[in-house]
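Engineer: Numbering (the numbering used here), first residue to last: -18 to 680. Ideal placement from N, C-alpha and C gives every residue a C-beta, glycine not left out. Note that this is a predicted model, so its numbers are computed, not measured.
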Amino acid sequence: MVQERIMELRRALNHHNYKYYVENSPEISDFEFDRMMRELQDLEAAHPEYADPNSPTVRVGSDITADFASVEHRFPMLSLSNTYSIDELREFVERVEREVGETEFVCELKFDGTAISLTYEDGRLMQAATRGDGERGDDVTANARTIRSIPLELRGDDYPRLFEIRGEILMPYASFDRLNAEREQNGEPLFANPRNAAAGTLKQQQSSIVAKRGLDCTLYQLAGESLPYESHWESMEHARKWGFKISDKMRICRSMQEIEEFINYWDTGRKALPFPTDGVVIKVNRYSDQRALGFTAKAPRWAVAYKFKAEQALTKLLSVDFQVGRTGAITPVANLEPVQLAGTTVKRATLHNAEQIAQLDIRVGDMVYVEKSGEIIPKITGVEHSQRERDIRPFEFIDKCPVCGTPLVRYEGEVKSYCPNQSHCRPQILGRIIHFIRRKAMDIDGLGAETVELLFERGLIRDIADLYDLKAADLAKLPRLGDKSADNIVRSIDASRKVPFNRVLFGLGIRFVGETTAKYLAEHFRSMDAVMQATPEELMESEEVGEKIADSIADYFADESNRTIIERLRKAGLQFEAEERESVSDTLAGRNIVVSGTFREHSRDRLKELIEAHGGKVQSGVAANTDFIIAGDKMGPTKLQKAKKLGIRLVSEEEFIGMIGGDSGSAPTSATAAKSAASTERTAADAATKKTPEQGSLF
Ligand code: IVH
């Protein structure tokens, strides 16, 4: 009885899910859908014996932190040759026709997301893997299951028993805008574009977060052993019937003219699409022709991507604001007459620096070109001089801070101007506090940029050390904050006293000291006092620290007000010392070791941990004093060359583990151990079945 009801609910939810997310034509209300989902969740919770990894309830994800196993692709995931030129595209068409005679092409959109390969067995989703290096990718199945347009179970019954289908995970503009707005509110760094956001989300460690981000998935290639179809078009028609989201913006073209028509249509038409695209992919349709054309080492010879030029828009420059960052850096920001560009309305654009403005001779009142090329904020790339009104004045860059009026300075070798009034210039003070509470720094939850501003306005905080004097009662008095959130904030501030030293160092916001540099500094000097007392020369002994960074650190600690803040943070009980290193043996004492490439059994970080646990030193680059290199697959070519030149020994992962007597003594996490065991099995099995494209077995 219960089992039947569970089956019935799963079938119904899969059906309605498909109607809603693939066909965009829901048959029932959201309310009814949620009711059924809740009923199924309750039944599954009460009857774990009927659990199923492909139940529609997995769509909400889980908050278990996942490590991604590396999996080998049954068929390599190749890339496409790209071109921006119609002439080169014509050459491609001519070459194909020369080799296989008159043929058909399928034109389709080039989706701008991140590639995915889905494996189905007996109609059920078994695995989802990222492209990785084309040979091996990350197993992101748990995350993919939360993406509503990916079918967990296929419809119909004429699908191959085992096949892979490839496509793109996309983040629609609407999801992207919502996500970034939320991140801005929380003081988190923004995603530069929907592509990065899609890729970043797919690699999230908690599938429940993925479930909330509104990803979508479009499929565009079927791969499998001896598929019973004659052409790409035919396979896509079938895949659509099985419940996959296959683009309907595809066309069979029989001539260069038809291909050009498709391109010209979508060069403009794509601007109205709800998700990003960056070109058109042209594929030879018939599988027999594809086989005849074959592959180069990297890409099929039967397909090519024609990329659209970055979208540009022409609009009027109304005025220029000057923003002051947390380090005092001045960034000019253009206010524009609102204009549509790549799916969003653009009102502001960056102008970078004074030199660039002078170089382009940009003036307020000019008609300017704005372009989006990967950054969050579009940039101005040129001026339409032919439309300049006669008497507009050349642009003058400011020489005083727009906020506090302090004369600006230029540091040697830097194009930016800076406001040097670190202690009293409002945006710098606020910026430093917001940076300090960031997730990657002190991770103080519940305090966003707005609350920080409010606390500052009320005189409750002037610097980062003041956070540790805040009382719940002070916070609860603020508008929009109740007792509960006030308590949360205080608790979270309290918890930050345990945040490791490297993140405290990063949180200080010293100019040029990013997350990685802070880690190296903490690793090398081990304590705040040691960093503070180090001379610039000594600082440069730490990895990644050059003269510029060393000077900036020394300047920071030379400042009396910074030293006062540091002393208050010390009294507040923050971590000023690096955690004890795990120490297992001194087998590698005095050895300098480089880790390079990708590994089967251990992550690179784990290998580095092991080196240190056995007394060795991890080096980031190959040097004359390097003792040996633990070399995995795809080792960096520069490292390899240097190693050869210096005659440095390459050691395999297995050899290294042998040297230290196995990695069991140093207590790997159970997840790592399980992953290693699983990946050994998989590697052996996959090696036997794996095909190369040259064997022509893609279909
Ligand atoms: S076919 C063997 N079709 O572009 C090549 N790829 O630059 C199989 N892409 O890695 C890919 N839209 O992530 C194909 N309609 C489309 C595509 C598409 C986007 C991506 C894909 C691929 C990359 C190559």
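1) Say yes only if the C-beta of A178 is nearer than 6 Å to one or more non-hydrogen atoms of the ligand IVH, and no if none qualify.
2) Which same chain residues, not among the five before or five after D464, have their C-beta less than 6 Å away from its C-beta?
3) Which of helix, strand or coil does DSSP assign to R374?
4) From what residue to what residue does the alpha helix (DSSP H) around K230 run?
5) Given this structure, state the Cα-to-Cα distance separating A162 from G94, to the nearest angstrom.
6) Taking 6 Å as the limit between beta carbons, can you name the residues of its chain near E44, skipping five residues before and five after?
7) Would you mind reading off the limits of the beta strand (DSSP E) that contains T545?
8) To the nearest angstrom, how far is the alpha carbon of G346 from that of S477?
9) Please work out which residues of its chain come closer than 6 Å, Cβ to Cβ, to T683, disregarding the five sequence neighbours upstream and downstream, and give them in chain order.
10) Output the distance between the C-alpha atoms of Y246 and A284, rounded to the nearest integer angstrom.
11) Have a look at Y(-1) and I641 and give me their C-alpha separation to the nearest angstrom.
12) Start and end of the beta strand (DSSP E) containing K297?
13) Leaving out the 5 sequence neighbours to the left and right, which residues in its chain are closer than 8 Å to E365 when beta-carbon positions are compared?
14) Quick one: what does DSSP say D464 is sitting in, helix, strand or coil?
15) Heavy atom of the ligand IVH less than 6 Å from the Cβ of V265, yes or no?
16) Note down, in chain order, each residue of its chain lying with its Cβ closer than 7 Å to the Cβ of I530, except the 5 sequence neighbours on either side.
17) Could you spell out where the beta strand (DSSP E) holding K598 opens and where it closes?
18) Contact check, V87 vs I233 under 8 Å by CB: the rounded distance?
19) E89: beta carbon under 6 Å from a heavy atom of the ligand IVH?
20) CA-CA distance, P29 and A315?
21) Please return the same chain residues whose Cβ sits closer than 7 Å to the Cβ of H405, not counting the five positions on each side in sequence.
22) In the DSSP assignment, what residue or residues form a beta bridge with K360?
23) Quick one: grab the DSSP three-state call for M(-18).
24) Classify L299: buried if its beta carbon has 16 or more other beta carbons within 10 angstroms, exposed otherwise.
25) From this set, M423, L448, A422, which residue's C-alpha is nearest T432's C-alpha?
26) Using a Cβ-Cβ cutoff of less than 8 Å, which residues in the same chain neighbour E525 once the five nearest sequence positions on both sides are dropped?
27) So the candidates are K479, F157, S236, L208; which of them puts its Cα closest to the Cα of D197?
28) For M(-18), count neighbouring Cβ atoms within 10 angstroms of its own Cβ and tell me buried if that reaches 16, exposed if not.
29) Kindly list the residues whose CB is nearer than 8 Å to the CB of A654, restricted to its own chain and excluding five residues on each side of it in sequence; keep chain order.
30) Is DSSP giving R492 helix, strand or coil here?
31) For L436 versus I442, is the C-beta spacing smaller than 7 Å?
32) Determine the direct distance from the alpha carbon of A179 to that of H595, and round the result to whole angstroms.
33) Short of 7 Å in beta carbon distance, which residues of its chain neighbour K656, apart from the five on each side in sequence? Order them along the chain.
34) For L486, count the other beta carbons within 10 Å of its own beta carbon; 16 or more makes it buried, fewer makes it exposed. Which is it?
35) Leaving out five residues before and five after K290 in sequence, what residues of the same chain have Cβ atoms less than 8 Å from its Cβ?
Structural biologist: Taking the geometry as given:
1) no
2) A457
3) Here R374 carries a coil assignment [DSSP, helix/strand/coil].
4) No alpha helix (DSSP H) contains K230, which DSSP labels as neither H nor E.
5) 20 Å
6) It is worth fixing the name first, because residue 44 is Asp in this sequence and not Glu. Only Q187, S189 meet the Cβ criterion.
7) From DSSP, T545 is part of no beta strand (DSSP E) but of the alpha helix (DSSP H) over 541 to 552.
8) 49 Å
9) Lying outside -18 to 680, the shown extent of the chain, residue 683 is not represented and no answer is given.
10) 20 Å
11) 53 Å
12) For K297, the enclosing beta strand (DSSP E) begins and ends at 293 to 305.
13) Excluding the 5 residues flanking it on each side, E365 has same chain C-beta neighbours closer than 8 Å at L295, D347, M348, V349, Y350, in chain order.
14) helix
15) no
16) F493, V494, T498
17) 598 to 600
18) Right, the Cβ-Cβ distance comes to about 6 Å (below 8 Å), so this counts as a contact.
19) yes
20) 58 Å
21) C385
22) In the DSSP output, where bridge partners are listed per residue, K360 has T331, E352.
23) coil
24) exposed
25) Among M423, L448, A422, the Cα nearest to that of T432 belongs to L448.
26) T497, T498, Y501, S601
27) F157
28) exposed
29) Legend: pLDDT at A654 = 36, less than 50; position of this residue unreliable, value from coordinates given subsequently. Correct list: empty, nothing qualifies.
30) Here R492 sits in coil by DSSP.
31) yes
32) Distance from the CA atom of H595 to the CA atom of A179, rounded to whole angstroms, is 39 Å.
33) Residue placement at K656 is poorly supported in this model, since its pLDDT is 34, which falls under 50; the coordinates are not used for a value here.
34) buried
35) Y65
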